[in-house]
Amino acid sequence: MSERTERYPIKHIVGFVISIVLTILAAWTALGSDLPVSWVVAGIMVMAVLQAGIQLFMFMHVTESASGNGHVPWNMMFHGFVMAAIIVAGSLFTMTFGW
């Protein structure tokens, strides 16, 4: 048995705790701070990107390589980002022009 298996998922627990802290910090920023609205929005967006990165690397096995033709998770992430950009752009267009 050449593989070493970890019995206690410390990586998952650390990622979960960091995600919870970022969520609480974002909620406090939105509800309890006296910052201007533009700073609140920018801060929440930065925390969202950080949390997405933590989720991808800690929980979604992005660092694992696929067998065969290279690193498949990066390919799926690219297509996911493209789909998210299309949905966000379409939603903003619809909300802006009232269609």
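The sequence shown begins at 13 in our numbering and counts up by one. Built from N, CA and C at the ideal position, the CB exists for glycine as well. Model, not experiment: these values are computed from the prediction.
Identify whether residue i lies in helix, strand or coil by the three-state DSSP scheme.
i      : result
Ser45  : coil
Gly92  : helix
Phe2   : There is simply no residue 2 to check, as the chain begins at 13 and stops at 111 in what is shown.
Pro21  : coil
Gly110 : coil
Roughly how far, in whole angstroms, is the beta-carbon of residue i from the beta-carbon of residue j, given that I think they are within contact range, below 8 Å?
i     : j     : result
Phe71 : His24 : 7 Å
Ser66 : Ile30 : Residue 66 is actually Ile in this sequence, not Ser. Right, their Cβ atoms sit about 6 Å apart.
State the Cα-Cα distance for the pair residue i and residue j, rounded to the nearest angstrom.
i      : j     : result
Met59  : Asn87 : 24 Å
Thr106 : Met95 : 16 Å
Thr35  : Ile98 : 26 Å
Ala38  : Arg19 : 32 Å
Phe69  : Val61 : 12 Å
Phe28  : Pro85 : 21 Å
Leu4   : Leu47 : In this structure the chain extends from 13 to 111, so residue 4 is not present and cannot be described.
Measuring CB to CB, does residue i end up less than 8 Å from residue j?
i     : j     : result
Ser45 : Val53 : no
Ala42 : Ile56 : yes
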